[in-house]
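Participant:
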Amino acid sequence: MQVSTCLFALCSAVLAAPRQENLLRRATGSLTSWLAAESPIALQGVLNNIGPNGVDAPGADSGMVVASPDQVNPDYFYSWTRDSALTFKCLTDQFLAYGTSGLEAQIRDYVNAQAAVQTIENPSGGLCTGGLGEPKFYLNQTAFFGPWGRPQRDGPALRATALIAYARYLISQGESSSVSSIIWPIVQNDLSYVTQYWNDTTFDLWEEIDSSSFWTTAVQYRALIEGNTLAGQIGESCSNCVSQAPNVLCFLQSYWNGEYIVANTGGGRSGKDSNTILASIHVFDPDASCDDNTFQPCSDKMLANHKVLTDSFRSIYSINSGISEGSGVAVGRYPEDTYQGGNPWYLCTMAAAELLYDAVYQWKRIGSLNVTSTSLAFFQAIYPSAAVGTYSSSSSTFDSIIDAVMTYGDSYMSIAEKYTPSNGSLSEQFSKTTGSPLSAYDLTWSFAAFLTAYNARAAAMPASWGAASASLPSSCSGSSASGPCSTATATFTSGTLTPTCSAQPSTTVIFNELVTTTYGTNIYLTGDNSELGNWSTGSEAVPCSASAYTSTNPLWYCVATLPAGTDIQYKFIQVASDGTVTWESGSNREYTVPSNCAGVAEVNDSWQ
Ligand SMILES: *[C@@H]1O[C@H](CO)[C@@H](O)[C@H](O)[C@H]1NC(C)=O
Ligand SMILES: *[C@@H]1O[C@H](CO)[C@@H](O)[C@H](O)[C@H]1NC(C)=O
Ligand SMILES: *[C@@H]1O[C@H](CO)[C@@H](O)[C@H](O)[C@H]1NC(C)=O
Ligand SMILES: *[C@@H]1O[C@H](CO)[C@@H](O)[C@H](O)[C@H]1NC(C)=O
Ligand SMILES: *[C@@H]1O[C@H](CO)[C@@H](O)[C@H](O)[C@H]1NC(C)=O
Ligand SMILES: *[C@@H]1O[C@H](CO)[C@@H](O)[C@H](O)[C@H]1NC(C)=O
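Laid out in structure tokens, this is it:
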């Protein structure tokens, strides 16, 4: 018996290639199982890095987010305003979409922590004298005085967006008074920072280039629009938001060079940079049109940019060699990158997928999609017969293109799956030559990037922020407007919101099966429940993943989401490459799906 221990690339070189449909089916089944298994790991990975109780954030104050527990080459044991805000935007959306227990208490801790962090005198200044642009702090809420790339003017805008997401929820719950007294004072300071400094240079999100940056301009625009809307909802106003936003939007247009978005005005590079796709998924608005002004995921400029950017990594990382155009690759920050060896990043690779899921959502909601001369090359790479035109959702071409874009998105997530270790840890980078994890381990932003991509794939979308209202002035002007600014004094009382544990209605069960298989044989789970395919041995059965399989631990795992409390019967089957089905012997296995707060359970079996 030849045990399948070779890496996939090697196997396909030395063994006869299985039929194409088997390959595709295996890829799809495996990705779905991996995504379901990785999801609770990623959420836990984020929570582990938040003080005061996160197991990987010892000593961090309440609500402070550790960028990574790594303290040596690189030392990321600090709290960045950017990473923290993106993390809490993700957790707030997670809370709103799934009501995940315990998260609201953490969100309130974050709000309280940021009220304090805003007041810390630091090398960029004080609260009302530029200090909000300081990029990172110690975990005990003190300033870091070492040399650094400062200021970074995206932080206040991102924090405003994270806080506004929670404020919207509170208003919907009739708790506007907490928004007025606790959240608005913090947000107002951040908005004032943006209106005063948006037209000054900044270090980019990678902390390397001091110029103007597409990412920063885009996130600033979003904050001003939704900040002004929030103000109106609680009887406040932001007249400086109103006066500055059109100029910011106008400036945003200038990064497009006719072929792609030049990420920074300085730096002397090609300007191809994941900065741009990260910006697009951050300003994604489920209610927006595919209008180019805000560079929505479905806009033709952003799709063209997605192609130019991702193509730039095809030839420079050897793990991408042999992957055809139109299939996802490992994506890094920018092609000229040398930091920590200049490798692909998990969060950039998953952002490339998320952008495509977002675009699909927008086209489906609008009910049509346009292929334009600008986006034609993007579409032709994944759907060769694509032609310029408008395709209504009632046409078969629309369906085919949507399928092709989803598959293309999944191919980026499959790259992330392939290079994620079997315990689900996500570091910052993975090697461009071997794919093994590199640089800071358990990076908070990597886990958050998984969650936002996962939710976008499931069409669990964040709230609209008003992108549809964007209107461009006829000409651009540089400008600035300052004030108001004052210390935010009110905070949420800790302990008023006891994290409650409410059992989830369904449970994602990971079925582990130890079974030694030969190459070409796949394992499926089938049983007496609709989710398990009603004892089907065909496409309704649950495909299992061999991504953690080794010769010493021949583990296949299968994931199914089942109603909590249900009694099920099931068995594993082997399906050979010629389609022959082999059932496990013995009587049916029996299991009662548990009911718990996390909504996750695990069963360990071996072939009988
Ligand atoms: C805060 O943490 C830093 C880094 O660990 C440490 O050097 C500093 O003394 C601490 N400050 C206070 C006030 O605890
Ligand atoms: C397609 O293009 C037309 C004409 O420019 C425009 O009105 C429409 O909004 C576009 N639709 C989408 C989904 O981009
Ligand atoms: C996960 O696996 C990686 C790679 O094998 C290892 O370096 C890391 O320590 C593991 N993490 C945990 C939390 O066990
Ligand atoms: C300020 O805005 C003007 C008008 O859009 C633009 O030309 C200029 O480059 C901007 N400068 C910076 C540093 O943002
Ligand atoms: C399983 O059987 C139930 C009840 O007959 C049916 O509603 C459901 O569609 C079936 N599911 C599959 C995947 O065959
Ligand atoms: C399944 O096996 C794993 C690895 O040996 C172990 O950590 C886990 O606790 C087991 N789970 C159950 C439910 O027995």
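Throughout the sequence shown, residue numbering follows mature numbering (1 follows the signal peptide of the UniProt record, and there is no 0), covering -16 to -1, 1 to 592 in sequence.
Heads up, the beta-carbon is just placed ideally off N, CA and C, and yes, glycines get one too.
1. When you compare each of Trp347, Gln364, Ala335 to serine 395 by their alpha carbons, which one comes out closest?
2. Reducing DSSP to helix, strand and coil, say where residue 597 ends up.
3. Using 10 angstroms around the beta-carbon of aspartate 342, count the other beta-carbons present and answer buried if the total reaches 16, otherwise exposed.
4. Candidates Ser409, Leu498, Arg317: which alpha carbon is nearest isoleucine 300's?
5. Beta-carbon separation of valine 344 and methionine 390 under 7 Å?
6. Can you tell me which of the three DSSP states aspartate 54 falls into?
7. At a threshold of 6 Å, does asparagine 248 count as lining ligand 6 (C-beta to nearest heavy atom)?
8. Should the stretch 213 to 221 be called in touch with the stretch 260 to 272, which here means at least 3 C-beta pairs below 8 Å?
9. Determine which residues share a DSSP beta bridge with arginine 573 and list them.
10. For alanine 100, which residues in the same chain have their Cβ closer than 6 Å to its Cβ, ignoring the five residues on either side in sequence?
11. Could you check how far apart the C-beta atoms of threonine 333 and alanine 400 are, in whole angstroms? I think they sit under 8 Å.
12. According to DSSP, is serine 490 part of a helix, a strand, or is it coil?
13. Residue 593: which of Thr186, Ile366, Ser296 sits nearest, CA to CA?
14. Beta-carbon within less than 8 Å of threonine 505's beta-carbon, same chain only, minus the 5 sequence neighbours each way: which residues are those?
15. Taking 7 Å as the cut-off, decide whether the C-beta atoms of glycine 419 and isoleucine 303 are in contact.
16. Is any heavy atom of ligand 7 found at a distance shorter than 6 Å from the C-beta of asparagine 277?
17. Considering only heavy atoms of ligand 3, does any lie closer than 6 Å to the CB of asparagine 407?
18. Measure the alpha-carbon distance for tyrosine 181 versus glutamate 243 and round it to whole angstroms.
19. If you compare alpha carbons, which of Arg441, Asn588, Gly250 is closest to asparagine 496?
20. Using a Cβ-based criterion (distance less than 6 Å to any ligand heavy atom), does asparagine 32 qualify as near ligand 6?
21. Taking its Cβ as the centre, do 16 or more other Cβ atoms sit within 10 Å of serine 411, making it buried, or is it exposed?
22. Does DSSP put valine 226 in a helix, in a strand, or in coil?
23. Please return the same chain residues whose Cβ sits closer than 8 Å to the Cβ of cysteine 74, not counting the five positions on each side in sequence.
24. Taking Cβ to Cβ, would you say cysteine 469 is nearer than 7 Å to serine 176?
25. Measuring CB atoms only, is the stretch 231 to 240 touching the stretch 192 to 202, in the sense that at least three cross pairs come out at less than 8 Å?
26. Using DSSP with H/G/I as helix, E/B as strand and the rest coil, what is glutamine 102?
27. Does the beta carbon of serine 359 fall short of 6 Å from some heavy atom of ligand 2?
28. Does the beta carbon of serine 523 fall short of 6 Å from some heavy atom of ligand 5?
29. Under the rule that 16 or more other beta-carbon atoms within 10 Å means buried, what is asparagine 57, buried or exposed?
30. Taking 7 Å as the cut-off, decide whether the C-beta atoms of threonine 491 and alanine 585 are in contact.
31. Which of helix, strand or coil does DSSP assign to glutamate 401?
32. Which one or two residues does DSSP pair with valine 355 in a beta bridge?
33. Do you know how far the Cα of asparagine 518 is from the Cα of asparagine 439?
34. Near leucine 360, what residues of its chain come up, given a Cβ to Cβ distance below 7 Å and the 5 sequence neighbours on each side ignored?
35. How should valine 565 be labelled, buried or exposed, when 16 other C-beta atoms within 10 angstroms of its C-beta is the threshold for buried?
Facilitator: So, to answer that:
1. Ala335
2. Any question about residue 597 goes unanswered here, given that the chain covers just -16 to 592.
3. buried
4. Arg317
5. yes
6. coil
7. no
8. no
9. Tyr554
10. Gln125
11. 5 Å
12. strand
13. Missing from the structure shown is residue 593; the chain here goes from -16 to 592 and no further.
14. Gln558, Val559, Ala560, Ser561
15. yes
16. You won't find ligand 7 in this model; what it holds is ligand 1, ligand 2, ligand 3, ligand 4, ligand 5 and ligand 6.
17. yes
18. 29 Å
19. Asn588
20. no
21. buried
22. helix
23. Val30, Ala432, Leu435, Thr436
24. yes
25. yes
26. coil
27. no
28. no
29. exposed
30. yes
31. helix
32. Gly373
33. 28 Å
34. Ala370, Val372
35. exposed
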